[in-house]
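The structure appears below as structure tokens.
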Amino acid sequence: MLRVTQTKNSLLDGASIEEELYTTPQDGEDFFESLEKPAKEPTKLEPRNTFIRAGVLTTVRGSAYMEYGNTKVLAIVAPPKELIRASARRMNMGVLNCYVNFAAFATGDLETVPERERHLGSMLTKAMEPVVCRTEFLNFQLDIRVLILDDDGCLLSTAINCCGVALVECGISTYDLITASTACIYRDHVFLNPSAKVEQLLLKRRSNSNNVSSIQEHGLIITASMDTFEQIAQCQQCGYLSPDTYVKLLDYTLAINKSLRQLVRGVLTKRVKEQHELDLREKAESALEDQRLGEIIDKLKTQGLDEFIQSNIKEDPYVKRQ
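Mind the numbering: the sequence shown is residues 52 to 373 in this note's numbering, read in order.
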């Protein structure tokens with residue numbers, strides 16, 4: 052009997068599903084048979100339904116919120132702060148730290164949360180380090196904090212995309228826009244942007260495989276790339292993949308990353324336009340206020356203080372005259 056709740060998955064992407072989702076091998080078989088099988092060679096290399104919003108928090112300088120299907124992530128970037136440790140101050144580049152936290156309602160297995168948070172934070176740091184121009188803030192550290200609100204697979208790649216938007220919103224110098232995506236293969240079927248249940252199915256298959264030569268290919272790959280320079284910022288892989296399959300999945304993720312890049316550029320462009328319109332509105336309001344103050348100063352010069360005060364005193368219409 053399948054039971055769906057949220058808990059640990061030790062795959063690189065970290066899925067929030069109950070640890071005993073598939074209590075027997077037959078449970079996994081039944082679930083796989085119930086899936087809508089994708090094509091063995093995908094033709095539509097597209098991301099999930101995606102929503103991204105920059106500047107969602109007014110109390111911090113850089114923030115972003117992203118929904119990638121049912122996976123929901125919030126990223127916050129604080130301005131660089133000076134390093135305290137003397138040993139760290141001797142470094143020739145700034146220090147980047149990424150912290151991942153799960154919301155209390157985002158997971159059911161609280162015992163494994165600290166381990167998963169450290170694991171995802173470490174991988175997120177490795178992915179973001181090649182993107183940030185750390186040579187521009189020597190002896191400083193930059194902290195990126197990610198809050199997981201909901202997890203339905205592709206967690207690490209979603210966090211990377213969200214952090215990239217938050218960095219630009221914060222005004223941190225970056226070499227390029229970074230985008231990431233996930234793909235996996237199971238029984239010759241390629242799953243692009245796999246759900247948490249598919250990732251858990253891969254984990255069970257991986258843990259039950261003892262003889263590599265006698266098993267089918269199964270594995271997951273997460274790729275973060277910078278399209279302008281055609282560079283890969285990070286590539287994580289787990290499972291059993293042949294070199295040809297590895298290259299094929301890598302090409303799939305890079306194609307999805309290009310689509311996500313166009314979406315991210317559109318979001319950031321819209322954000323810049325909104326900020327520009329807000330600046331123009333504030334400038335116009337400031338000009339009107341300056342004009343009003345100028346008129347008051349001119350009246351003071353021509354009428355004098357006493358006459359100006361008397362001219363601005365108005366009788367209360369509700370007070371009966373004596």
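We treat Cβ as the ideally placed atom computed from N, Cα and C, and that holds for glycine.
Assigned secondary structure, residue i (DSSP; H/G/I helix, E/B strand, else coil)
i    : result
S310 : helix
G355 : coil
V216 : helix
E118 : strand
S67  : Confidence in S67 is poor, its pLDDT being 43 and thus under 50, which makes the residue's placement too unreliable to answer from.
T101 : strand
L175 : helix
G345 : helix
C149 : strand
S264 : With a pLDDT of 43 at S264, under the threshold of 50, the modelled position of that residue is not reliable, and no figure is offered here.
I199 : strand
S208 : helix
C302 : Correcting the residue type first, residue 302 is Asp in the shown sequence and not Cys. Residue state, collapsed to three classes: helix.
D278 : coil
K95  : coil
T230 : strand
F330 : The question names Phe, but residue 330 in the sequence shown is Asp. Three-state result, D330: helix.
G106 : coil
C184 : coil
V323 : helix
E335 : With the sequence shown as reference, residue 335 is identified as Ala, and Glu is not the correct amino acid for it. Helix, per DSSP.
G222 : coil
Whether residue i touches residue j by CB criterion (8 Å)
i    : j    : result
M144 : T94  : no
L254 : I103 : no
R312 : D278 : yes
V182 : D227 : yes
F153 : I199 : yes
E97  : S246 : no
V151 : G172 : yes
T296 : I236 : yes
Cβ separation of residue i and residue j, assumed to be a contact under 8 Å, to the nearest whole Å
i    : j    : result
T304 : I272 : 6 Å
L13  : A126 : Because the chain here runs from 52 to 373, residue 13 falls outside it and cannot be looked at.
L161 : V146 : About 30 Å; that fails the 8 Å criterion.
When the options are compared against residue i, the one with the closest alpha-carbon
i    : options                   : result
I307 : D201, T353, F191 and A275 : A275
L8   : R316, E180, Q285 and L314 : Outside the shown range of the chain, which is 52 to 373, sits residue 8, and nothing can be said about it.
H240 : Q251, L228, L218 and Q267 : Q267
R112 : L175, D330, A234 and V128 : V128
T101 : D194, C205 and D349       : C205
G290 : R238, R332, E168 and F280 : R238
H170 : N148, A155 and S114       : N148
F188 : N121, A231, P130 and T320 : P130
A178 : F280, L125 and Q287       : Q287
V197 : V298, A115 and K352       : A115
M117 : A210, N190 and T176       : A210
R316 : E220, S362 and E180       : E220
K132 : N190, V107 and L351       : N190
E92  : A234, A157, T122 and Q282 : A234
P294 : H269, Q282, T122 and E333 : H269
I283 : Q342, L218 and E180       : E180
Buried versus exposed call for residue i [16 or more other C-beta atoms within 10 Å across all chains shown]
i    : result
N244 : buried
V216 : buried
G345 : exposed
D202 : buried
N212 : buried
G222 : exposed
R99  : buried
I348 : exposed
E328 : exposed
N262 : Because the pLDDT at N262 is just 46, under 50, the model does not fix this residue reliably, and the value given afterwards should be weighed accordingly. By the neighbour-count rule (16 or more Cβ atoms within 10 Å), N262 is not buried but exposed.
L331 : exposed
L242 : In the sequence under discussion, the amino acid at residue 242 is Phe, which differs from the Leu named in the question. It is buried - the Cβ of F242 has at least 16 other Cβ atoms within 10 Å.
L252 : buried
V298 : exposed
S208 : buried
E250 : buried
L193 : buried
G355 : exposed
T110 : exposed
A231 : buried
C214 : buried
L175 : buried
K248 : buried
T353 : exposed
K123 : buried
L218 : buried
L351 : exposed
beta-carbon residue i near the ligand COA non-hydrogen atom, thresh 7 Å
i    : result
S208 : Annotation note on the ligand COA: not contained in the displayed structure, which lists no ligands.
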